[in-house]
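I have placed the structure first, in the form of structure tokens, so that the comments after it can refer back to it.
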């Protein structure tokens with residue numbers, strides 16, 4: 060199966076000079092874990108919840124004063140929309156990423172996440188499933204009361 064069968068087409072976008080707070084508000088409003096940083100139709104990078112935690116919150120910076128271009132992860136790792144899911148999973152594991160930009164003729168048309176693949180309900184090859192499970196190990200979590 061092709062990654063175009065699993066990708067999400069409606070990505071949320073911020074500009075490189077937008078504040079990180081704008082990105083946070085977009086992610087919260089849309090219940091998503093990342094936004095694409097784009098300028099003049101070119102995808103420059105991605106901002107994930109983890110990027111914000113590591114590069115803003117942990118450093119006690121003000122998200123209203125920090126720009127998206129200073130927090131985004133770049134370069135944006137991508138694959139063509141005709142890439143097989145198994146190959147995309149291998150790339151994601153190799154690059155240690157959970158979100159992969161999907162392109163057609165060099166332009167970003169969507170985003171693929173490991174979670175989307177697992178939640179899709181589509182039958183995928185056993186090898187692909189093993190890679191995903193290895194990438195997202197299932198762990199018991201305990202919470203203090």
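Residue numbers (my numbering): 60 to 204. Just so you know, even glycine gets a beta-carbon here, dropped at the ideal spot from N, CA and C.
query                                                                                             : result
Length at least 3, wholly inside the stretch 71-125: the beta strand (DSSP E) runs in chain order : 93-98 and 101-107
Helix, strand or coil at residue 132 [DSSP, three-state]                                          : strand
Alpha-carbon spacing of residue 140 relative to residue 155, whole angstroms                      : 20 Å
Residue-level contact to chain C via CB, residue 143, 8 Å cutoff                                  : Of the chains in the structure shown, none is chain C; there is only one protein chain.
Opening and closing residue of the alpha helix (DSSP H) in which residue 176 lies                 : 173-178
Segment contact flag, the stretch 77-95 with the stretch 119-135, C-beta cutoff 8 Å, min 3 pairs  : yes
Contact under 8 Å by Cβ, residue 159 with residue 151                                             : yes
Best match in 94, 89, 83 and 88 for proximity to residue 135 [C-alpha to C-alpha]                 : 94
Residue 142 vs residue 110 beta-carbon contact at 8 Å                                             : no
Status (buried if at least 16 other CB within 10 Å, exposed otherwise) for residue 171            : buried
Nearest-angstrom beta carbon gap, residue 169 and residue 66 [assumed within contact, 8 Å]        : 4 Å
Terminal residues of the beta strand (DSSP E) in which residue 158 lies                           : 158-163
DSSP beta-bridge partners of residue 170                                                          : 67 and 160
Residue 162 versus residue 129: straight-line alpha-carbon distance, rounded                      : 24 Å
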